[in-house]
Amino acid sequence: MWQRIGLALFAATVIQAKELQISVGPPPACTQAQTLRLTLLDVDFPANVVANIRAFAAPGIYVGMLSFVASEKPRKLPRAEIAASPEFRRWLEETKPEKLPPITLRPQGPARKPLTIEWTIRSATWSCR
Numbered sequence: 001m002w003q004r005i006g007l008a009l010f011a012a013t014v015i016q017a018k019e020l021q022i023s024v025g026p027p028p029a030c031t032q033a034q035t036l037r038l039t040l041l042d043v044d045f046p047a048n049v050v051a052n053i054r055a056f057a058a059p060g061i062y063v064g065m066l067s068f069v070a071s072e073k074p075r076k077l078p079r080a081e082i083a084a085s086p087e088f089r090r091w092l093e094e095t096k097p098e099k100l101p102p103i104t105l106r107p108q109g110p111a112r113k114p115l116t117i118e119w120t121i122r123s124a125t126w127s128c129r
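Here the numbering used here is used: the sequence shown runs in plain steps of one and ends on residue 129.
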């Protein structure tokens, strides 16, 4: 079960207007040379916003980050990837969870200030590359 590819039967919950919470299955076991990635599919992001999207698997368990630069028009991206941090990979190795806690996606602006923006994603998957 630990090594299957975690395709999300997606559930995105808006915690606050600024955060999204997603449920995604356990990630595959990647080799040392591969990068574990959380791929967000069908991302709608507002115009004129500079943001870093920080992902957390549980309080204090940092998954990784995705950056958006300002754009004059809203963006509709087919996919956006977050490379898993070494901390997250170590946590996976040590705990070997059969079920991951929901992943929280938290938009932050300059100086890590929380952003209140309306954005969506359709689904998420894990992959190794």
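Every residue gets a Cβ at the ideal spot worked out from N, C-alpha and C, and that includes glycine.
Note to self: What residue range does the alpha helix (DSSP H) around W91 cover?
What the structure shows: By one-based count along the sequence shown, residue 91 stands at place 91. Counting along the chain, the alpha helix (DSSP H) containing W91 begins and ends at P86 to T95.
Note to self: Which of the three DSSP states is assigned to A111 in this structure?
What the structure shows: Along the sequence shown, read from residue 1 onward, the residue named residue 111 stands at position 111. Residue state, collapsed to three classes: helix.
Check: Which whole-angstrom value is the C-beta distance of P46 and P74, which I expect to be below 8 Å?
Finding: Counting from 1 along the sequence shown, the entry for residue 46 is found at position 46. Counting from 1 along the sequence shown, the entry for residue 74 is found at position 74. Between P74 and P46 the Cβ distance is about 5 Å, and since that is below 8 Å, they are a contact.
Margin query: Tell me the rounded alpha-carbon separation between W126 and T39.
Written below: For the purposes of this step, residue 126 is identified with residue 126 of the sequence shown, where counting begins at 1. For the purposes of this step, residue 39 is identified with residue 39 of the sequence shown, where counting begins at 1. Using only the alpha carbons, I get a separation of about 6 Å.
Check: Which parts of the segment 6-85 are runs of the alpha helix (DSSP H), unbroken and 4 residues or longer, counting only runs that do not cross its ends?
Finding: none
Margin query: Short of 7 Å in beta carbon distance, which residues of its chain neighbour L36, apart from the five on each side in sequence? Order them along the chain.
Written below: Taking the sequence shown and counting its residues from 1, the one referred to as residue 36 is at position 36. Counting only Cβ-Cβ distances below 7 Å, and skipping sequence neighbours, we find P27, C30, A84, R89, W126 and C128.
Margin query: My output table needs one value for I161: the three-state DSSP class, helix, strand or coil.
Written below: The chain is shown only over 1 to 129; residue 161 falls outside these bounds and no answer can be derived.
Notebook entry, point to check: What residue from F56, V50 and Q32 has the CA that sits closest to G64's CA?
Noted result: Taking the sequence shown and counting its residues from 1, one reaches residue 64 at position 64. Nearest of F56, V50 and Q32 to G64, Cα basis: F56.
Next item on the list: Drop a sphere of 10 angstroms on the beta-carbon of A120, count the other beta-carbons inside from all chains shown, and report buried for 16 or more, exposed for fewer.
Entry: The residue you call residue 120 lines up with position 120 of the sequence shown. Going by the sequence as given, residue 120 is Thr instead of Ala. Answer is exposed; the Cβ neighbour count stays below 16.
Checklist line | Collapsed DSSP secondary structure at L100 in the structure displayed | finding: Taking the sequence shown and counting its residues from 1, the one referred to as residue 100 is at position 100. Coil.
Check: Are V43 and A80 closer than 8 Å when you measure CB to CB?
Finding: What you label residue 43 is simply residue 43 of the sequence shown in a count that begins at 1. What you label residue 80 is simply residue 80 of the sequence shown in a count that begins at 1. Yes, the Cβ-Cβ distance between V43 and A80 is below 8 Å.
Checklist line | Among E118, P114, P107 and G25, nearest to K96 - alpha-carbon criterion | finding: As a first step, residue 96 is located in the sequence shown; it is residue number 96 there, counting from the start. The residue with the shortest Cα to Cα distance from K96 is G25.
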